[in-house]
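J.:
Protein chains in written order, with the working numbering: chain C, 3 to 202; chain V, 3 to 202; chain L, 3 to 202; chain D, 3 to 202.
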């Protein structure tokens, strides 16, 4: 199979998953007494929306970069891609838990669930990337052991930060954990996987 | 009509249907007393999510394989494809029933409804595949009676397993039925329709 | 603008709109006393789902046929297309009203709203089709006054049937109206707009 | 990265966001006493649906026009595009607030939130457009300082009208504000960004 249809399907999944985030905002309703205050009090919803939106957006960019290294997909790539998408599609779930519970006792558990989903996705990305780089020739790309070596710090670093955020959430600081997740997303906006030669 | 736009529409439907599965997870909410226990107790939701996600993902792969055999679509292909998608889009419905009722008396009926939807989809796939292979030349592909013959065990086997799962659910073992549906999905991750000559 | 991106956007809208129909099914829940009876009693939900699914599917096919006549789009085509999609996206709304109220006094009003949306969409299709055929040369297609003339009975017939269904609903026969909408959908599965020369 | 996959992802996001608007309509339910009156009383829902549908549709057209100026995207374009989409995806949220509260005291706050989201999106479009036009050569397009200069009135005008609508909503005239947003959408249906040379 060439990469075209696998990318089209993945793009569709990313596009729907990122848009599902708005359903958390749709939970916000205004009372008739203090509607402006109600709008302002929903800041945890907006914050969770922004963090998850940027996170899924960056994952989409990294996904594109991975597939830009190859021209064909085989069955293991499709299966690894499916497992990865299974994590991405789940993101609105811990996002909703965080948005609803950030100020409450359950906020810690919510932020832990957010971190766990991110850790699973990080592992999924690492697995797909290792497979793609080590099977580049079979997949119609160029073997790039160099790309693999150079990308190790980025993957390991991201994973460690998510582990740290999850631990920080577990000890009872969910807002700090969410800020860490957000900072990581902003960091990755500008720092990313090596692109194939000749691509920006 | 060439296959491009029919594939694009189908890819979109598969992508949305697979993402709709997260709405079942969005039903989970945390109490403030035992939030970690609430997260753990929702395992039926996660299980149903994983089984249906893998199932729709595999159906998408098989759908691609079927369309890779041809270069044009005619009206019967479009109609058969639409009937097939009507089943795929419905999957989040029995998934939700199973996730909500797995531990309760209604779990058996829920798992039966899951199996019935899968049986309908299996019949839809078989019908589309038979039409495509037997009309391959008209559809710009190569006649492949061999591919049809080789695929019979796979289709029949899948259908029989879904029938068996439905019966097992009906006699009151919905968890066993869901495990069977999940094992079948994992099996099909690696065992699949014959690809056209020259494709992996 | 060439037709590619307008088609891609429209395909996406059709794909999401057709998948949104499953949210009506997600409203169905099972009691623990008589779950099989609950499944059976939801037949109005299934019926409405099937009718609307086929209807949107056929509209997608007709949409493709219209765009197959041209190779470029101009601003009026985009605006007419947007108005048409505004009707298509609304379909899950009267579908939900019909599914919830078919057996109740409000069923008549629900089936009337369904018919009105269909009438608006029919007018939208007619407008887009007339514009495309009469501006074919500007849009990179071939002028086909013949295609326009041949398509008049189909458009007029469909519109009249929707008007008839709406009237039948208004006098208090919503089930009969829904059957009429369904029969029309099945009829259009096999009877359709003239394709451009050389296309099936 | 060429523009193809960025456009495909953006098209998907626009398509889902515009379809999510129907979920506001799905909130409407019919009583059994006066179902026709209930349908008629929901006019604020229909009005908000139409305004937001046209608005997102026009944004999609403008998005296409911007990307038609270039053939490659770089990291800043992707980030700016992501920020823009973050606003577009949020549109169903203020739309729901407006639809639910238009006749009530909270209607003013709802229409203010609508205006604020539109102002943010306008700024996002302006930023993306300035970047694209000033980096056209790097992005594989033609430098068009002329296009930038000609587009200033349109961008500034749109932004000012949204500011005016927000102010009018804030002083307690939410219906007037919604009419202004709607008129602006209709105006932009026919008045738009300069297309690249050779495109309509």
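Every residue, glycine too, gets a C-beta built ideally from N, C-alpha and C.
(1) Can you tell which of 159/C, 182/C, 161/C has the C-alpha that lies nearest to the C-alpha of residue 170/C?
(2) May I have the straight-line CA-CA distance separating residue 202/C from residue 78/D, to the nearest angstrom?
(3) Mind the definition here: the segment 97-104 of chain D touches the segment 60-77 of chain D only if three or more C-beta pairs lie below 8 Å; say whether that holds.
(4) Between residue 157/D and chain L, is there a C-beta pair that is closer than 7 Å?
(5) Give me, in chain order, the residues of the same chain whose beta-carbon lies closer than 7 Å to that of residue 44/D; leave out the 5 immediate sequence neighbours on both sides.
(6) For a contact defined as C-beta to C-beta under 8 Å, what are the partners of residue 15/V on chain L?
(7) Within this structure, are the beta carbons of residue 38/C and residue 111/D separated by less than 7 Å?
(8) How about the segment 49-60 of chain V and the segment 15-26 of chain V: do they share at least three Cβ pairs that are nearer than 8 Å?
(9) Give me the Cα-Cα distance between residue 96/V and residue 76/C, rounded to the nearest whole angstrom.
(10) Going by DSSP in three states, residue 9/C sits in which element: helix, strand or coil?
(11) Apart from the five residues just before and just after residue 204/V, which ones in its own chain have a Cβ nearer than 7 Å to its Cβ?
(12) Note down, in chain order, every chain V residue with its Cβ under 7 Å from the Cβ of residue 59/L.
(13) State the start and end residues of the unbroken alpha helix (DSSP H) segment that holds residue 90/D.
(14) Per DSSP, which residues does residue 204/V bridge with? Please list them.
(15) Which of the three DSSP states is assigned to residue 173/D in this structure?
(16) When you compare the CB of residue 202/L with every CB in chain D, is at least one pair closer than 7 Å?
(17) Going by C-alpha to C-alpha distance, which of 140/L, 106/L, 41/L, 15/L sits closest to residue 87/L?
(18) Does any CB atom of chain V fall closer than 7 Å to the CB of residue 34/L?
(19) Would DSSP call residue 60/V helix, strand or coil?
(20) For chain V, check one thing: does any of its Cβ atoms lie closer than 7 Å to the Cβ of residue 38/L?
(21) Against chain V, with Cβ distances strictly below 7 Å, would residue 75/L count as a contact?
(22) Relative to the C-alpha of residue 108/D, which candidate in 73/D, 17/D, 174/D has its C-alpha closest?
(23) With a threshold of 7 Å between beta-carbons, can residue 80/C be considered close to chain V, or not?
(24) Using a Cβ cut-off of 9 Å, pull out every chain V residue sitting near residue 103/C, in sequence order please.
(25) With 7 Å as the threshold, decide whether the Cβ of residue 91/V is near any Cβ in chain L.
(26) If we ignore side chains and look at the alpha-carbon of each, how far apart do residue 74/C and residue 80/V end up?
(27) Using Cβ-Cβ distances below 7 Å, what residues of the segment 137-157 of chain L are close to chain V?
(28) If residue 18/D and residue 17/C are in contact, beta carbons under 8 Å, what's the gap, nearest whole angstrom?
(29) Can you confirm whether residue 120/L, when its beta carbon is compared against all beta carbons of chain D, has any partner nearer than 7 Å?
(30) Going along the chain, which residues of its own chain have a beta-carbon closer than 6 Å to the beta-carbon of residue 190/C, five neighbours each way excluded?
(31) What residue range is occupied by the uninterrupted alpha helix (DSSP H) comprising residue 112/C?
(32) Between the alpha carbons of residue 33/L and residue 27/L, how many angstroms are there, rounded?
(33) Quick check on residue 68/L: does DSSP put it in helix, strand or coil?
(34) Taking the alpha helix (DSSP H) that residue 42/V belongs to, which residues open and close that run?
T.: So, from the data block:
(1) Counting from 1 along the first chain, the entry for residue 170/C is found at position 168. Cα-wise, what sits closest to residue 170/C is 182/C.
(2) Residue mapping note: residue 202/C aligns to position 200 of the first chain, counting from 1. Residue mapping note: residue 78/D aligns to position 76 of the fourth chain, counting from 1. Residue placement at residue 202/C cannot be trusted, given a pLDDT of 43 that sits under 50; what the coordinates show is reported in the next sentence. Residue 202/C and residue 78/D: Cα-Cα distance of roughly 11 Å.
(3) no
(4) Here residue 157/D refers to the residue found at position 155 of the fourth chain. Closer than 7 Å: no.
(5) Counted from its first residue, the fourth chain places residue 44/D at position 42. Closer than 7 Å at the Cβ level, and outside the excluded window around residue 44/D, lie 30.
(6) Here the question's residue 15/V lines up with position 13 in the second chain. Going along chain L in sequence order, the residues near residue 15/V (Cβ under 8 Å) are 17, 20, 21.
(7) On the first chain, residue 38/C is found 36 positions in, with the first residue counted as 1. On the fourth chain, residue 111/D is found 109 positions in, with the first residue counted as 1. Yes.
(8) yes
(9) The sequence position of residue 96/V within the second chain is 94, counting from 1. The sequence position of residue 76/C within the first chain is 74, counting from 1. Cα-Cα distance, rounded: 31 Å.
(10) Here the question's residue 9/C lines up with position 7 in the first chain. Three-state result, residue 9/C: helix.
(11) Coverage of chain V is limited to positions 3 through 202, which leaves residue 204/V absent and any answer about it impossible.
(12) Mapped onto the third chain, residue 59/L falls at position 57. The contacting residues are 84.
(13) Numbered from its first residue, the fourth chain carries residue 90/D at position 88. First-last of the alpha helix (DSSP H) with residue 90/D: 77-92.
(14) As shown, chain V starts at 3 and ends at 202. That puts residue 204/V outside it, with no answer to give.
(15) Within the fourth chain, numbered from 1, the residue matching residue 173/D stands at position 171. Note: residue 173/D maps to coil in three-state DSSP.
(16) Numbered from 1 along the third chain, position 200 holds the residue referred to as residue 202/L. Reliability of the predicted coordinates at residue 202/L is poor, the pLDDT of 43 falling under 50, and no value is obtained from them.
(17) Numbered from its first residue, the third chain carries residue 87/L at position 85. Minimum Cα distance to residue 87/L is reached at 15/L.
(18) Position 32 of the third chain, counted from the start, is the residue given in the question as residue 34/L. By this cut-off, residue 34/L is an interface position.
(19) Against the second chain, residue 60/V aligns to sequence position 58. In the structure shown, residue 60/V sits in a helix (DSSP, three-state: H, G or I).
(20) Indexing the third chain from 1 puts residue 38/L at position 36. Yes, residue 38/L counts as interfacial toward chain V.
(21) Stepping through the third chain from its first residue, residue 75/L is reached at position 73. False, the Cβ-Cβ gap to chain V never drops below 7 Å.
(22) Working through the fourth chain from its first residue, we reach residue 108/D at position 106. Answer by Cα proximity: 174/D.
(23) Numbered from its first residue, the first chain carries residue 80/C at position 78. Taking Cβ atoms only, chain V reaches closer than 7 Å to residue 80/C, which makes this a yes.
(24) Taking the first chain and counting its residues from 1, the one referred to as residue 103/C is at position 101. Per Cβ cutoff of 9 Å: 31, 32, 34, 37.
(25) Against the second chain, residue 91/V aligns to sequence position 89. At least one beta carbon of chain L lies nearer than 7 Å to the beta carbon of residue 91/V.
(26) On the first chain, residue 74/C is found 72 positions in, with the first residue counted as 1. On the second chain, residue 80/V is found 78 positions in, with the first residue counted as 1. Residue 74/C and residue 80/V: Cα-Cα distance of roughly 27 Å.
(27) none
(28) On the fourth chain, residue 18/D is found 16 positions in, with the first residue counted as 1. On the first chain, residue 17/C is found 15 positions in, with the first residue counted as 1. At roughly 6 Å, the Cβ-Cβ gap stays under 8 Å, so residue 18/D and residue 17/C are in contact.
(29) Residue 120/L sits at position 118 when you count from the first residue of the third chain. So, not an interface residue.
(30) Translated into positions along the first chain, residue 190/C becomes position 188. Excluding residues within five positions, the ones whose Cβ falls inside 6 Å are 60.
(31) As a first step, residue 112/C must be located in the first chain, where it is residue number 110. 109-136 is the span of the alpha helix (DSSP H), which, as asked, contains residue 112/C.
(32) Walking along the third chain from the start, residue 33/L turns up at place 31. Walking along the third chain from the start, residue 27/L turns up at place 25. Straight-line Cα distance between these residues: approximately 15 Å.
(33) Start at 1 with the first residue of the third chain, and residue 68/L comes out as number 66. Helix at residue 68/L.
(34) Locating residue 42/V in the second chain gives position 40, where the first residue counts as 1. From DSSP, the alpha helix (DSSP H) with residue 42/V extends over 37-43.
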